[in-house]
Amino acid sequence: MNFNLTRIAPTPSGFLHLGNAFSFLKTKALAEKHGAKVLLRIDDLDRERFREEYVEDIFATLDFLEIKIDLGPKNLQEFENEWSQLHRMEMYQDGLNQLIEEGKLFACDCSRKKIQQLDPSGYYLGQCLERKLDLTKAEVAWRMDTSESDFLPFFDYPDVMKSGLIQQDSMFYVVRKKDGMPAYQLTSLMDDLHFGVDLIVRGNDLFPSTLAQLDLARNLKKDKFKQITFHHHQLIKSPKQEKLSKSAGATSIQALRKDGKKLPDIFEMIGKWLGQEKPITSIEDFKMAQKI
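What follows is the structure, encoded as structure tokens:
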């Protein structure tokens, strides 16, 4: 099966790490297999953590990994002048306005600490739904009223869905943050449709986002989003079985490069951390190990 366009969509909120490299390489391999071009979409609306050096790191990492970008910015200046999500704010606002008009949103002023106190699981269970807070109130997030949404028909992943945790984590998702910026679920959905993406490669940790975005597409009447193919891949973890984080600098590609590591070394580390018995030292080895 052939696809037209997939995307690599990092957030410039820290230096990219080995887990990002794995996901990027998986995207590259699948794009080559299915004849798809690759879009670079940098999600930069987390303005508190945004730094230019993190954007520069994205370009440096892609160059180091020898990943060719077919569509998108080639450097920081091009990104800021043409490709930043700030240039698409009107499009996101149109989506928010549509949701407001159809009465799909409610305001929420809960902090993470309060959500944890209300429910030990840490899941938000719609506590503000009946409070009817004004959407124009300062310092409130806008959440989707998913009390009547049915997430189960979207996917046939019984091992993932049976616990109910994926569905629970998808409910009452945020579409506008407390700082007034449109949130990830909305921007990612609208960007993918805007650019014509038809293959989305992402980690298993983003199952809840996929469910939320499919539900959001249904509410926005964006039927084309249902035609996108999703590929969810395993997550790479450290030898201590810890999830990688941008705050853990030792696993950043930048730190590994400064330590003298070359691309074959990165492939070898990925292979070891994935538990591969046969050494991986090239993209061809990677494709074989990943059965691509």
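Residue numbers for the sequence shown follow our numbering, so the first one is 2 and each next one is one higher. All C-beta atoms in this analysis are idealised placements derived from N, C-alpha and C, irrespective of residue type, glycine included.
**Prompt:** How about Asp192 and Arg42: are their beta carbons less than 8 Å apart?
**Reply:** yes
**Request:** Following the continuous alpha helix (DSSP H) through Ile201, name the residue where it begins and the one where it ends.
**Result:** Counting along the chain, Ile201 falls outside any alpha helix (DSSP H), though it belongs to the beta strand (DSSP E) covering 200-204.
**Asked** For Arg177, which residues from the same chain have a beta carbon less than 7 Å from its beta carbon, with the 5 sequence-adjacent residues on both sides left out?
**Response** Leu97, Ala142, Trp143, Pro183, Ala184
**Item:** Ordered list of beta strand (DSSP E) runs contained in the region 19-72, each at least 3 residues
**Value:** 38-41
**Message:** Classify Gln86: buried if its beta carbon has 16 or more other beta carbons within 10 angstroms, exposed otherwise.
**Reply:** buried
**Prompt:** Among Asn3, Phe4, Met2, Lys29, which one has its Cα closest to the Cα of Ala1?
**Reply:** There is simply no residue 1 to check, as the chain begins at 2 and stops at 293 in what is shown.
**Message:** What does the Cβ neighbour count give for Met27, buried or exposed, with the cut at 16 atoms within 10 Å?
**Reply:** The sequence shown places Lys at residue 27, not Met. Buried.
**Prompt:** Near Lys179, what residues of its chain come up, given a Cβ to Cβ distance below 6 Å and the 5 sequence neighbours on each side ignored?
**Reply:** Glu140, Ala142
**Message:** To test your reading of the DSSP string, which unbroken beta strand (DSSP E) runs of 3 or more residues are found completely within the region 76-118?
**Reply:** 106-109
**Prompt:** Closest to Thr252 by CA distance: which of His232, Leu106, Trp274 is it?
**Reply:** Trp274
**Prompt:** Taking DSSP as the reference, what is the three-state secondary structure of Ser189?
**Reply:** helix
**Message:** According to DSSP, simplified to helix, strand and coil, what is Thr137?
**Reply:** coil
**Message:** What does DSSP give as the partner residue(s) for Trp325 in the beta ladder?
**Reply:** No answer is possible for residue 325: the residues shown for the chain start at 2 and end at 293.
**Asked** With which residues is Leu215 paired in a DSSP beta bridge?
**Response** Per DSSP, none; premise fails for Leu215.
**Message:** For Met289, report the span of its beta strand (DSSP E) as first-last.
**Reply:** Careful: Met289 lies outside any beta strand (DSSP E), inside the alpha helix (DSSP H) at 284-290.
**Item:** Three-way DSSP call (helix, strand, coil) for Pro265 in this model
**Value:** helix
**Asked** To which residues of the same chain is Asp71 closer than 6 Å at the C-beta, ignoring the five residues directly before and after it?
**Response** Lys38, Val39
**CA-to-CA distance, Tyr124 to Gln169, given in whole angstroms** = 7 Å
**Message:** Rounded to the nearest angstrom, what separates Asp216 and Leu77 at their Cα positions?
**Reply:** 34 Å
**Asked** Where do the ends of the alpha helix (DSSP H) carrying Arg258 lie?
**Response** 254-259
**Request:** Pull up the DSSP beta-bridge partners for Pro280, would you.
**Result:** Answer is none; Pro280 lacks a bridge partner.
**Prompt:** Where do the N-terminal and C-terminal ends of the beta strand (DSSP E) with Ile229 fall, by residue?
**Reply:** Segment: none, Ile229 is in no beta strand (DSSP E) and carries neither H nor E.
**Prompt:** Is it buried or exposed for Asp45, if we count other Cβ within 10 angstroms and need 16 for buried?
**Reply:** buried
**Message:** Suppose you measure from the CA of Lys34 to the CA of Leu66; what does that come to, to the nearest Å?
**Reply:** 18 Å
**Asked** What's the call for Gly73, buried or exposed, on a 16-neighbour Cβ count within 10 Å?
**Response** buried
**Prompt:** Count the other CB atoms within 10 Å of the CB of Ser171; is the residue buried (16 or more) or exposed (fewer)?
**Reply:** buried
**Prompt:** Would Asn21 be called buried (16 or more neighbouring beta carbons within 10 Å of its own) or exposed?
**Reply:** buried
**Item:** Asp18, buried or exposed, once every other Cβ within 10 Å from all chains shown has been counted against 16
**Value:** Correcting the residue identity first, residue 18 is His in this sequence and not Asp. Answer is buried; the Cβ neighbour count reaches 16.
**Request:** Could you tell me which residues DSSP pairs with His233 in its beta bridges?
**Result:** Arg203
**Message:** Distance check for Met92 and Glu102, CA to CA, integer angstroms please.
**Reply:** 16 Å
**Message:** Between Ile116, Lys133, Trp84, Gln118, which has its C-alpha nearest Ile108's C-alpha?
**Reply:** Per the sequence presented here, residue 108 reads as Ala, with Ile not at that position. The option with the nearest alpha carbon to Ala108 is Lys133.
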